[in-house]
Amino acid sequence: MQGIAQGWLLFELTSSPLYLGLFSSLRMVMLVSFFILGGIMSDRLDRRKVILWIQVVSALTALGLALLVTTHTIQVWHIFVLGAITSTSWAFEQPVRQSLLPQLVSRADLVNALALNAITWNGAGLLGPSLVGLSVPYIGVDGCFYVNVISYLAVIGARVAHERAAARSWRRALQRHSKPTRRLQLCSGETVITDVSHRFGDL
């Protein structure tokens, strides 16, 4: 939703197709430039924590845009700067999220997991822009940003809750001298939720 809402807002401010083209080019440049660095990060850092902080950054940029629009202080350069930050965070998020899948499912289920990931990603990509077009007349562009903030907060809350539940599961498993399996189950469901939420934000 956020990308479409940003483009909508940018055109309202400038009425210029040139600015829309520049903004789209900026987003693409940031994505391509940081994909490799995101892959390196996925190999060296805790992937779950990286994704959590990416969600936090994305929520803050959406909230910043929402507040700027609500207070009527939004300017073109705000959209470009916050859009660049958001695109950079997405560039880090993509390889990290993809690298999590093989750790969450068995080899036999990996193909199904990849298919489910593609379905949620592309399905949300189709639904997100439609929601923006339907929502703007009723809640405004800033309302779309607030909805996006709520979606990110829901994912962040789910991640924190799952991490706490996983930690408790690990402690119980260690006490029983058995392997903890609930952490994988929690992370699998969490990945699907993140796919949908982040795809809404992407478009």
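Be aware that the sequence shown starts at 993, since it is given in this note's numbering, and climbs by one per residue.
Heads up, the beta-carbon is just placed ideally off N, CA and C, and yes, glycines get one too.
Residue i versus residue j - alpha carbon distance
i, j, result
"residue 1005", "residue 1095", "45 Å"
"residue 1077", "residue 1060", "16 Å"
"residue 1037", "residue 1086", "14 Å"
"residue 1075", "residue 1104", "33 Å"
"residue 1145", "residue 999", "23 Å"
"residue 1080", "residue 1047", "12 Å"
"residue 1221", "residue 1049", "With the chain covering only 993 through 1195, there is no way to say anything about residue 1221."
"residue 1155", "residue 1058", "29 Å"
"residue 997", "residue 1021", "19 Å"
"residue 1131", "residue 1007", "21 Å"
"residue 1055", "residue 1143", "11 Å"
"residue 1109", "residue 1029", "22 Å"
"residue 1051", "residue 1098", "32 Å"
CB-CB length for residue i against residue j, believed under 8 Å
i, j, result
"residue 1147", "residue 1136", "17 Å between Cβ atoms; not a contact."
"residue 1023", "residue 1015", "Going by Cβ atoms, the distance from residue 1023 to residue 1015 rounds to 13 Å, so no, they are not a contact pair."
"residue 1062", "residue 1134", "5 Å"
7 Å CB neighbourhood of residue i in its chain, flanking five on each side removed
i, result
"residue 1033", "1042, 1084, 1088"
"residue 1039", "1088, 1091, 1092"
Contact check, residue i vs residue j, beta carbons under 8 Å
i, j, result
"residue 1010", "residue 1072", "no"
Contact between the segment 1033–1048 and the segment 1077–1092 is defined here as three or more beta-carbon pairs at a separation below 8 Å; is this criterion met? Verdict: yes, contact present.
Do the segment 1063–1074 and the segment 1108–1116 touch if we need at least three Cβ pairs shorter than 8 Å? No: the two stretches stay apart, fewer than three of their Cβ pairs being nearer than 8 Å.
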